[in-house]
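Chain order of the listed sequences is A and B.
Going by my numbering, the letters in the first sequence line up with residues 996 to 1315, in that order.
Going by my numbering, the letters in the second sequence line up with residues 640 to 884, in that order.
Virtual Cβ for every residue (Gly too), placed ideally from N, Cα, C.
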Amino acid sequence: MSVLIFAELDEGKIKKSSQEAIFYGAKVAQMTGTSATAIIIGAADESELASAGRFGATRVLHATDSKLTEPNGMAYATVVAAAAQQESSNVIVLAKSSLADAMTARLAGKLKAGLAANVIALPDLSAGFQVKSSIYTGKAFAYNDLKADIKILAIKKNTITPEETDATAPVNVFTPPLNEADFAISVKSTEKSSGDILLPEADLVVSAGRGLKGPENWGIVEELAKALHAATACSKPVSDLDWRPHSEHVGQTGLKISPNLYIACGISGAIQHLAGVNSSKVIVVINKDADAPFFKSADYGIVGDVFDVLPRLTKAVKAL
Amino acid sequence: MKLLVCVTSVPDTTTKIVFTDNNTKLNKAGVTFITGPYDDYALARAVELKEKTGATITVLNVGQADSEPVIRKCLAIGADDAIRVNAEPTDAYFVAEQIAAIAKENNYDLILMGRESIDYNGGQVHGIVGEMLGIPSISPVMLLDLDGNTAKITREIEGGKESLEAQLPLVLGCQEPIAEWKIPNMRGIMTARTKPLKVVEPTGTDKLTTVASYELPAPRGSVKMIPADEAEKLIQLLHTEAKVI
């Protein structure tokens, strides 16, 4: 028995959400009296790999291959399944991401595993293996009993706050199995905004809606986001109007995010929008309409004109 | 070309979720059930492909009898026939097993569904089906075009998108803007009544995951309002009180 954590790399660094997953996995290992091993796929420095130990991994398996340099959900799932077999892992932890989403399902299929997605708390082991997950797009929670021998937990951002130590984990080379069928999808091109903070990973998010009146006005949103080191997001109408890319759309049919701080500018707060953001720790609403329903779900509110308020907030952040 | 479109019957997006029976069941009283919004995109694209290539569309739902209005609506929008697997769809692995069993009998070229159901939001069923059938799965798919046996796909990734190509058969989890939602016309509604809807019993194993109980989130405390002319105070509060910046 052991806990296996898939730690995802972004440009050679372990993603923040994966550090959280390692810490979560280490806690589960502690609770079940076993050890936590991290599996990392792709090129990274030895010191970066060993840093998984800071979050509680007692060992790192490192798999590299020229065919595994680009994220590939199917091929990565094959590697993690083989690692799980080698380690006799009965719990596999992943941090939700577009890569992890593609992997969890294939893994569950391969291992006939019980699967909980959008996990938001450590398991309760007092009667079997029960985990709390977010359902109905954040409008409710479910307590899931995982009954299969192998359990896969895909955890949401901000499920747990990692505590770091100065421990390092020994790194073992893991020779990845390669299955030709996993490479049947060919990637023709990738368009990715570079340098920006990825929205699903962001601790702070500044989001704006139709109240901004047009895409040309997004400068004031971006400036506040830049001052805060926050990611930018938008409401559905804004992405439908093509003012902003769909990858920024948060809500019922877009991304569901759970940052520490969500600042909504000129967004009225339809129930479908709230669904995507209501698990944020702190919500700030800025809207000129005092009757905007969003104020009812906010922690802080300002009734005011975003064109006046946002630049002043940016200035105040810079003065901190 | 044979297309399978898997659909869910889910509470309308504006539903206020309430549980009953000691928080073990959704209170369905007064709840309007709709086709999963993402599934609706999958169906709409399937209907467009049918119009272009003369494909046939089978709609599949794993659900109880109360999901039949949703299935009939899919038939009215343009599906040719429907299958309902008579079971409650609470576990992704179980649902995938039902879909895979039907797919194995019928050799579909494309299996389309929403990227996730909006009740459990797992977004796992398409990937498990792909694994069970030994074919590629891709999600979330924003654009889908067919060139003979080659599918040209745009998939959303974090902070952007990527263009992919793969050979059929494939399992795809769909989202906007793959197609515009379709509304059934009167003729569609009339013909849907007589289109075949087969009900089959579930196969395979017991559920690997079950829900013991549900819970609603605790309400947020009351909102602290800051006058607009003192907007700067917000930043101080976020720094010293909420401690998030």
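Checklist entry - Quick one: is B:Pro775 near chain A, going by C-beta distance under 9 Å? => result Numbered from its first residue, the second sequence carries residue 775 of chain B at position 136. Taking 9 Å as the threshold, the shortest C-beta distance from B:Pro775 to chain A falls below it.
Item to check | Identity of the residue in A:Phe1178, A:Ile1258, A:Ala1220 and A:Pro1240 nearest A:Lys1310 by Cα | outcome: Sequence index remark: in the first sequence, residue 1310 of chain A carries index 315 (1-based). For A:Lys1310, the closest alpha carbon among the candidates A:Phe1178, A:Ile1258, A:Ala1220 and A:Pro1240 is that of A:Ala1220.
Next on the checklist: Check for me: the alpha helix (DSSP H) holding B:Gly702 runs from which residue to which?
Outcome noted: Taking the first residue of the second sequence as 1, we reach residue 702 of chain B at position 63. Run containing B:Gly702: none in the alpha helix (DSSP H); it sits in the beta strand (DSSP E), Thr695 to Gly702.
Checklist entry - Taking Cβ positions, are A:Ser997 and A:Ser1030 nearer each other than 9 Å? => result Start at 1 with the first residue of the first sequence, and residue 997 of chain A comes out as number 2. Start at 1 with the first residue of the first sequence, and residue 1030 of chain A comes out as number 35. Taking a C-beta distance under 9 Å as the contact criterion, A:Ser997 and A:Ser1030 qualify as a contact pair.
Item to check | B:Glu744 - containing alpha helix (DSSP H), residue span | outcome: The residue labelled residue 744 of chain B in the question sits at position 105 within the second sequence. That run of the alpha helix (DSSP H) goes Ala731 to Asn745.
Checklist entry - Counting contacts by CB-CB distance shorter than 9 Å, is A:Leu1141 in contact with chain B? => result The residue labelled residue 1141 of chain A in the question sits at position 146 within the first sequence. Output row for A:Leu1141: interface = yes.
Checklist entry - What's the call for A:Met1069, buried or exposed, on a 16-neighbour Cβ count within 10 Å? => result Locating residue 1069 of chain A in the first sequence gives position 74, where the first residue counts as 1. Looking at its Cβ environment, which holds 16 or more other Cβ atoms inside 10 Å, A:Met1069 is buried.
Checklist entry - Where are the beta strand (DSSP E) runs, 3 residues long or more, that stay fully inside the region 1078-1164 of chain A, in chain order? => result Segments of the beta strand (DSSP E) lying fully in the region 1078-1164 of chain A: 1086-1090, 1109-1114, 1125-1130, 1135-1141 and 1146-1150.
Checklist entry - By the 10 Å Cβ neighbour count, where 16 or more other Cβ atoms means buried, how is B:Gly820 classified, buried or exposed? => result Working through the second sequence from its first residue, we reach residue 820 of chain B at position 181. Residue identity check: residue 820 of chain B is Trp in the sequence provided, not Gly. With fewer than 16 other Cβ atoms within 10 Å, it is exposed.
Checklist entry - What residues from chain C crowd round A:Leu1236, counting only those whose CB sits closer than 7 Å? => result Of the protein chains in this structure, namely A and B, none is chain C.
Checklist entry - Can you give the Cα-Cα distance for B:Pro708 and B:Val764, rounded to whole angstroms? => result Sequence index remark: in the second sequence, residue 708 of chain B carries index 69 (1-based). Sequence index remark: in the second sequence, residue 764 of chain B carries index 125 (1-based). Approximately 22 Å, taken between the alpha carbons.
Checklist entry - Within 9 Å (strictly less), CB to CB, does B:Tyr732 reach chain A? => result Residue mapping note: residue 732 of chain B aligns to position 93 of the second sequence, counting from 1. It does: the Cβ of B:Tyr732 has a partner Cβ on chain A nearer than 9 Å.
Checklist entry - How close, in whole Å, do the beta carbons of A:Gly1261 and B:Gly766 come, if the pair is a contact with beta carbons under 8 Å? => result Indexing the first sequence from 1 puts residue 1261 of chain A at position 266. Indexing the second sequence from 1 puts residue 766 of chain B at position 127. Not really, about 37 Å apart at Cβ, beyond 8 Å.
Checklist entry - Excluding five sequence neighbours on each side, which residues of the same chain lie with their C-beta closer than 6 Å to the C-beta of B:Glu801? => result Along the second sequence, one-based indexing puts residue 801 of chain B at 162. Correct list, in chain order: Arg794.
Item to check | Neighbour list for B:Ile828 in chain A, Cβ cutoff strictly below 9 Å | outcome: Position 189 of the second sequence, counted from the start, is the residue given in the question as residue 828 of chain B. Chain A residues near B:Ile828: none, gap ~26 Å exceeds 9 Å.
Next on the checklist: For B:Arg651 and B:Lys667, I'd like the C-alpha separation in whole angstroms.
Outcome noted: Within the second sequence, numbered from 1, the residue matching residue 651 of chain B stands at position 12. Within the second sequence, numbered from 1, the residue matching residue 667 of chain B stands at position 28. Reading the sequence as shown, one finds Asp at residue 651 of chain B and not Arg. One C-alpha to the other measures close to 11 Å.
Checklist entry - Assuming A:Asp1237 contacts B:Gly798 under a Cβ cut-off of 8 Å, what Cβ separation, rounded to an integer in Å, is found between them? => result Here residue 1237 of chain A is taken as the residue at index 242 of the first sequence, counted from 1. Here residue 798 of chain B is taken as the residue at index 159 of the second sequence, counted from 1. So it is not a contact: roughly 17 Å between Cβ atoms.
Checklist entry - Can you tell which of B:Asn746, B:Leu811 and B:Ile656 has the C-alpha that lies nearest to the C-alpha of B:Pro775? => result In the second sequence, counting from the first residue as 1, residue 775 of chain B sits at position 136. The shortest Cα separation from B:Pro775 among B:Asn746, B:Leu811 and B:Ile656 belongs to B:Leu811.
Next on the checklist: Assuming B:Glu854 is part of the beta strand (DSSP E), what are its boundary residues?
Outcome noted: Indexing the second sequence from 1 puts residue 854 of chain B at position 215. It spans Thr848 to Glu854 - the beta strand (DSSP E) in which B:Glu854 sits, taken as one unbroken run.
Next on the checklist: Taking beta-carbon pairs under 9 Å, can you tell me which members of the region 1158-1191 of chain A lie near chain B?
Outcome noted: The region 1158-1191 of chain A vs chain B, Cβ under 9 Å: Ala1176, Asp1177, Ala1179, Ile1180, Ser1181, Val1182, Lys1183, Ser1184, Thr1185, Glu1186, Lys1187, Ser1188, Ser1189 and Asp1191.
Checklist entry - Nearest chain B C-beta to A:Gln1080 closer than 9 Å, yes or no? => result To locate residue 1080 of chain A, count along the first sequence from 1; it is residue 85. So no, A:Gln1080 is outside the interface.
Next on the checklist: Once DSSP output is grouped into helix, strand and coil, what is the label at A:Arg1054?
Outcome noted: Position 59 of the first sequence, counted from the first residue, corresponds to residue 1054 of chain A. Assigned with DSSP and collapsed to three states, A:Arg1054 falls in strand.
Next on the checklist: Tell me the rounded alpha-carbon separation between B:Ala739 and B:Leu772.
Outcome noted: On the second sequence, residue 739 of chain B is found 100 positions in, with the first residue counted as 1. On the second sequence, residue 772 of chain B is found 133 positions in, with the first residue counted as 1. Looking at the two C-alpha atoms, the distance is approximately 6 Å.
Item to check | Pairwise C-alpha distance: B:Val670 and B:Asn661 | outcome: Counting from one through the second sequence, the residue named residue 661 of chain B turns up at place 22. Counting from one through the second sequence, the residue named residue 670 of chain B turns up at place 31. Here the C-alpha atom of B:Asn661 lies approximately 19 Å from the C-alpha atom of B:Val670.
Next on the checklist: On the DSSP bridge list, what partners appear for A:Tyr1071?
Outcome noted: Looking up residue 1071 of chain A in the first sequence gives position 76. DSSP links A:Tyr1071 through a beta bridge to no other residue.
Next on the checklist: Spatial neighbours of B:Thr654 within its chain, please: C-beta separation below 6 Å, excluding the five flanking residues on both sides.
Outcome noted: Within the second sequence, numbered from 1, the residue matching residue 654 of chain B stands at position 15. Here the set comprises Val670.
Next on the checklist: Which residues does DSSP list as the beta-bridge partners of B:Ile750?
Outcome noted: Taking the second sequence and counting its residues from 1, the one referred to as residue 750 of chain B is at position 111. Answer is B:Leu643 and B:Val810.
Item to check | One or two residues paired with A:Pro1228 in a DSSP bridge | outcome: Position 233 of the first sequence, counting from 1, holds the residue named residue 1228 of chain A. It is worth fixing the name first, because residue 1228 of chain A is Ala in this sequence and not Pro. According to DSSP, A:Ala1228 shares a beta bridge with A:Ser1202.
Item to check | Top-ranked residue by Cα proximity to A:Leu1089, from A:Gly1028, A:Glu1041, A:Leu1004 and A:Val1304 | outcome: Along the first sequence, one-based indexing puts residue 1089 of chain A at 94. The shortest Cα separation from A:Leu1089 among A:Gly1028, A:Glu1041, A:Leu1004 and A:Val1304 belongs to A:Leu1004.
Checklist entry - Excluding five sequence neighbours on each side, which residues of the same chain lie with their C-beta closer than 6 Å to the C-beta of A:Ala1143? => result For the purposes of this step, residue 1143 of chain A is taken as the residue at position 148 of the first sequence. Contacts found: Ala1108 and Gly1109.
Item to check | Span separating the alpha-carbon of A:Met1026 from that of A:Gly1206 | outcome: Within the first sequence, the letter at position 31 stands for residue 1026 of chain A. Within the first sequence, the letter at position 211 stands for residue 1206 of chain A. The straight-line gap separating the alpha-carbon atoms of A:Met1026 and A:Gly1206 is approximately 48 Å.
Checklist entry - Beta carbon of B:Leu807, beta carbon of B:Asn824: below 9 Å? => result Counted from its first residue, the second sequence places residue 807 of chain B at position 168. Counted from its first residue, the second sequence places residue 824 of chain B at position 185. Between B:Leu807 and B:Asn824, the gap from beta carbon to beta carbon reaches 9 Å or more.
Checklist entry - For B:Ala906, which residues does DSSP report across the bridge? => result Here chain B comprises residues numbered 640 to 884, so residue 906 of chain B is not present and cannot be evaluated.
Checklist entry - How is B:Asn760 classed by DSSP in three states: helix, strand or coil? => result For this step, residue 760 of chain B is matched to residue 121 along the second sequence. The three-state secondary structure of B:Asn760, taken from DSSP, is coil.
Next on the checklist: Per DSSP, what are the beta-bridge partners of B:Pro650 in this structure?
Outcome noted: What you label residue 650 of chain B is simply residue 11 of the second sequence in a count that begins at 1. B:Phe672, per the DSSP bridge assignment.
Checklist entry - Using a beta-carbon distance below 9 Å, is B:Arg889 in contact with chain A? => result Within the shown structure, residues of chain B are numbered from 640 to 884, placing residue 889 of chain B beyond reach of any answer.
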